[in-house]
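Undergrad:
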Amino acid sequence: MLVQAMGRNDSTCPKSFSCGNLTDLSFPFSLSTQPDCGIMFLSGCDAKTFPKIRLLPEGDSYYVVVNMYNYTVWVEDPKLHAKLRQHNCQAFNEKFSLPYSPSISFETLPLNILNFFKCNSTSSSTPNITQQMKDHFAGYRMYSGCKDFSLFYKLPGGDDEDVRAGNLPANCSLIGLPIRSISDDDGVFNMLSATFFVEWKISEDCNKCHYGGGQCQTDINNKFHCTYPYSPQAQSHQENNPHEQDAKMARRKFGLTLGAVLGGLGLVMICLAVYFIWCCKRRKFNPPHFLSTRKLSYIFKNDVEGGSIYFGIPVFSYSELEEATNDFNSSRILGDGGFGTVYYGKLKDGREVAVKRLYEHNCK
Numbered sequence: 001m002l003v004q005a006m007g008r009n010d011s012t013c014p015k016s017f018s019c020g021n022l023t024d025l026s027f028p029f030s031l032s033t034q035p036d037c038g039i040m041f042l043s044g045c046d047a048k049t050f051p052k053i054r055l056l057p058e059g060d061s062y063y064v065v066v067n068m069y070n071y072t073v074w075v076e077d078p079k080l081h082a083k084l085r086q087h088n089c090q091a092f093n094e095k096f097s098l099p100y101s102p103s104i105s106f107e108t109l110p111l112n113i114l115n116f117f118k119c120n121s122t123s124s125s126t127p128n129i130t131q132q133m134k135d136h137f138a139g140y141r142m143y144s145g146c147k148d149f150s151l152f153y154k155l156p157g158g159d160d161e162d163v164r165a166g167n168l169p170a171n172c173s174l175i176g177l178p179i180r181s182i183s184d185d186d187g188v189f190n191m192l193s194a195t196f197f198v199e200w201k202i203s204e205d206c207n208k209c210h211y212g213g214g215q216c217q218t219d220i221n222n223k224f225h226c227t228y229p230y231s232p233q234a235q236s237h238q239e240n241n242p243h244e245q246d247a248k249m250a251r252r253k254f255g256l257t258l259g260a261v262l263g264g265l266g267l268v269m270i271c272l273a274v275y276f277i278w279c280c281k282r283r284k285f286n287p288p289h290f291l292s293t294r295k296l297s298y299i300f301k302n303d304v305e306g307g308s309i310y311f312g313i314p315v316f317s318y319s320e321l322e323e324a325t326n327d328f329n330s331s332r333i334l335g336d337g338g339f340g341t342v343y344y345g346k347l348k349d350g351r352e353v354a355v356k357r358l359y360e361h362n363c364k
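Residues in the sequence shown are numbered consecutively from 1, following UniProt numbering.
1. Is it buried or exposed, G221, if we count other Cβ atoms within 10 angstroms and call 16 or more buried?
2. Name, in chain order, the residues that DSSP records as bridge partners for M191.
3. With 16 as the cutoff for other CB atoms within 10 Å, does L192 come out buried or exposed?
4. Among R54, N93, K223 and F137, which has the Cα closest to the Cα of I175?
5. State buried or exposed for A324, treating a residue as buried only when at least 16 other CB atoms are found within 10 Å of its CB.
6. What distance in whole Å lies between the Cβ atoms of A194 and P178, which are believed to be in contact at a cut-off of 8 Å?
7. Taking E76 as the reference, which of F328, V198, A273 and L151 has the closest Cα?
8. For G212, count neighbouring Cβ atoms within 10 angstroms of its own Cβ and tell me buried if that reaches 16, exposed if not.
9. What is the residue span of the alpha helix (DSSP H) that R85 lies within?
10. If you draw a straight line from the C-alpha of S292 to the C-alpha of A260, how long is it?
11. From the DSSP output, which residues share a beta bridge with I270?
12. Go ahead and label S103 buried or exposed: buried means 16 or more other beta carbons lie within 10 angstroms of its beta carbon, across all protein chains shown.
13. For F29, which three-state DSSP category applies?
14. Per DSSP, R18 forms a beta bridge with which residues?
15. Can you name, in chain order, every residue of its own chain whose Cβ lies under 7 Å from the Cβ of G59, other than the five neighbours on each side?
16. Label P28 either buried or exposed according to how many other C-beta atoms from any shown protein chain fall within 10 Å of its C-beta, with 16 as the threshold for buried.
17. Less than 8 Å between the CB atoms is what I'm expecting for residue 374 and S32, so what's the real figure, rounded?
18. Out of M142, K118 and P156, point me to the one whose CA is closest to D148's CA.
19. Out of N67, M142 and F276, which one is the CA nearest neighbour of N21?
20. Considering only the alpha carbon of each residue, which of G345, G263, L114 and G145 lies closest to F316?
21. Among V73, F339 and L321, whose alpha-carbon lies nearest the alpha-carbon of V355?
22. If you follow the beta strand (DSSP E) that D219 is part of, which residue opens it and which one closes it?
23. Going along the chain, which residues of its own chain have a beta-carbon closer than 8 Å to the beta-carbon of residue 384, five neighbours each way excluded?
24. Look at the Cβ atom of P57, then the Cβ atom of P35, and state whether they are nearer than 8 Å.
25. Count the other CB atoms within 10 Å of the CB of F17; is the residue buried (16 or more) or exposed (fewer)?
26. Comparing C-alpha positions only, which one of T12, W74 and F152 sits nearest to M142?
27. So, is D349 buried or exposed, given that buried needs 16 or more other C-beta atoms within 10 angstroms?
28. Pull up the distance between the alpha-carbon of I53 and that of Q215, whole angstroms please.
29. Could you compute how far the alpha carbon of P14 sits from the alpha carbon of T23?
30. So is the beta-carbon of Y318 under 7 Å away from any non-hydrogen atom of the ligand HEM?
31. If I follow the unbroken beta strand (DSSP E) through C172, where does it start and stop?
32. Can you tell me which of P51, M40, N167 and G145 puts its alpha carbon nearest to the alpha carbon of M133?
33. Which partner residues does G38 have in the DSSP bridge list?
34. So, for E352: in the same chain, excluding its five sequence neighbours on each side, which residues have a beta-carbon less than 8 Å away from its beta-carbon?
35. Which term fits A91, buried or exposed, when burial requires 16 or more other beta carbons within 10 angstroms of its beta carbon?
Next up, the structure:
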């Protein structure tokens, strides 16, 4: 037996509508007078205050402060608002247990949520916080103005290691409440707020059902069903579902980008292969008078070992140049020139020289 029928998609449901300060609304929103057209129901569109929203037919009502247009609404809990104004400690018994449906899910965003450790008192008359508990919450702020429990918390920006580690002492529970100020100078109740952000997400089954012309339904066992009572000749889901069209466009863009990247890599590989072949052919047909570095090293060591001056130009021995460049250390490299690498060197007499050492082969 079906107990909920939500999200009908036919000509009687408007494609978009407005409600109070909220404009350009569409599925999953609907007016409370058209409950079959959506999942989240709006009312009080003509009220001077904010319109009200029920996240599900059986859910609580909230004021809609802003529709964020990115699957997020900013709502205010009127019950929590009243308790905070009265400085009622029952405000710390509030738990944001948002309703659940197989058609849509809700999540409270932690944008303005502050964590509190609520620790029950060991005495029914006055708070009796043991020294051990105080030691555990060293560095935390403490509020003991409530009869049956005390609160420990850190202001926004503090590193709350206990929350991250899930470290809960005995008789303590973790609660999260929205805040409107990062300071508690005016008291804890004035720091808290009744407004918070709710992110919603349509299930894939309901999404396909609605944009395929069907109606999202939930049975008595909270299982999802899709029926087509109002549009027996509904067009295919692929043609009507804008989310599916966006997904197709994203896949197409990804394919084009991937093809361009792979094509560019292939072109680079071809260029490298051609260059390598050209280098090897050049090496094969080079005249024999292009000597290797080892041969030149042998000549230098035997012919100019002592060092001399030819036509006013000083000639240094190979061993002098090795010593000046610290055995041609890579840290002395200044750059690459034609047919060789240029090194920085310093002679024994303090003169600085630039030494070009020929490559081992001509394929560089």
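All residues carry an ideal CB built from backbone N, CA and C; glycine is no exception.
Source: prediction; values computed, not measured.
TA: Put simply:
1. Within the sequence shown, the letter at position 221 stands for residue 221. Note that residue 221 is Asn in the sequence shown here, rather than Gly. Exposed, since its Cβ has fewer than 16 Cβ neighbours within 10 Å.
2. As a first step, residue 191 must be located in the sequence shown, where it is residue number 191. M191 is bridged by DSSP to nothing; it lacks a bridge partner.
3. What you label residue 192 is simply residue 192 of the sequence shown in a count that begins at 1. Buried: at least 16 other Cβ atoms inside 10 Å.
4. As a working mapping, residue 175 is identified with position 175 in the sequence shown. Nearest of R54, N93, K223 and F137 to I175, Cα basis: N93.
5. The count along the sequence shown starts at 1 and reaches residue 324 at position 324. Buried is the call here.
6. As a position in the sequence shown, residue 178 is number 178, starting the count at 1. As a position in the sequence shown, residue 194 is number 194, starting the count at 1. That pair is a contact at about 7 Å.
7. As a position in the sequence shown, residue 76 is number 76, starting the count at 1. Shortest Cα-Cα distance from E76 to any of F328, V198, A273 and L151 involves V198.
8. Against the sequence shown, residue 212 aligns to sequence position 212. G212 is buried by the Cβ-count criterion.
9. One-based indexing of the sequence shown puts residue 85 at position 85. Unbroken alpha helix (DSSP H) run through R85: P78 to R85.
10. Within the sequence shown, numbered from 1, the residue matching residue 292 stands at position 292. Within the sequence shown, numbered from 1, the residue matching residue 260 stands at position 260. Annotation note: pLDDT 46 at S292 (below 50); position unreliable, no value reported.
11. Translated into the one-based positions of the sequence shown, residue 270 becomes position 270. Looking at the DSSP assignment, I270 forms no beta bridge with any residue, so it has no partner.
12. Working through the sequence shown from its first residue, we reach residue 103 at position 103. Buried, because 16 or more other Cβ atoms sit within 10 Å of the Cβ of S103.
13. Position 29 of the sequence shown holds residue 29. The answer is strand: DSSP assigns F29 an E or B state.
14. Sequence index remark: in the sequence shown, residue 18 carries index 18 (1-based). The sequence shown places Ser at residue 18, not Arg. Partner(s): none; S18 has no beta bridge.
15. Position 59 of the sequence shown, counted from the start, is the residue given in the question as residue 59. For G59, where only same-chain residues beyond five positions count, the Cβ hits under 7 Å are P99.
16. Walking along the sequence shown from the start, residue 28 turns up at place 28. By the neighbour-count rule (16 or more Cβ atoms within 10 Å), P28 is buried.
17. Lying outside 1 to 364, the shown extent of the chain, residue 374 is not represented and no answer is given.
18. In the sequence shown, counting from the first residue as 1, residue 148 sits at position 148. Checked all of M142, K118 and P156; the closest Cα to D148 is K118.
19. Residue numbering aside, residue 21 sits at position 21 when the sequence shown is read from its first letter. It is N67 whose Cα lies nearest to the Cα of N21.
20. Numbered from 1 along the sequence shown, position 316 holds the residue referred to as residue 316. Ranking G345, G263, L114 and G145 by Cα distance to F316 puts G345 first.
21. In the sequence shown, counting from the first residue as 1, residue 355 sits at position 355. Among V73, F339 and L321, the Cα nearest to that of V355 belongs to L321.
22. Here residue 219 corresponds to residue number 219 of the sequence shown, with the count starting at 1. Taken as a continuous stretch (DSSP letters only), the beta strand (DSSP E) holding D219 covers Q215 to D219.
23. Here the chain has residues from 1 to 364 only, and residue 384 is not among them.
24. Reading the sequence shown from its first residue, position 57 is the one you call residue 57. Reading the sequence shown from its first residue, position 35 is the one you call residue 35. Closer than 8 Å, so yes.
25. Looking up residue 17 in the sequence shown gives position 17. Buried, since its Cβ has 16 or more Cβ neighbours within 10 Å.
26. By one-based count along the sequence shown, residue 142 stands at place 142. Looking at the Cα atoms, F152 is the closest of the given residues.
27. On the sequence shown, position 349 is the one that residue 349 refers to. So D349 counts as exposed.
28. Numbered from its first residue, the sequence shown carries residue 53 at position 53. Numbered from its first residue, the sequence shown carries residue 215 at position 215. The straight-line gap from Cα to Cα measures roughly 21 Å.
29. Along the sequence shown, read from residue 1 onward, the residue named residue 14 stands at position 14. Along the sequence shown, read from residue 1 onward, the residue named residue 23 stands at position 23. Rounded to the nearest whole angstrom, the CA to CA distance from P14 to T23 is 13 Å.
30. This structure does not include the ligand HEM; it has no bound ligands of any sort.
31. The residue labelled residue 172 in the question sits at position 172 within the sequence shown. Start and end: C172 to P178.
32. One-based indexing of the sequence shown puts residue 133 at position 133. Minimum Cα distance to M133 is reached at N167.
33. To locate residue 38, count along the sequence shown from 1; it is residue 38. Partner residues in a beta bridge of G38, as assigned by DSSP, do not exist.
34. Residue mapping note: residue 352 aligns to position 352 of the sequence shown, counting from 1. So the qualifying residues of the chain are Y344, G345 and K346.
35. Against the sequence shown, residue 91 aligns to sequence position 91. Its Cβ being crowded by 16 or more others within 10 Å, A91 is buried.
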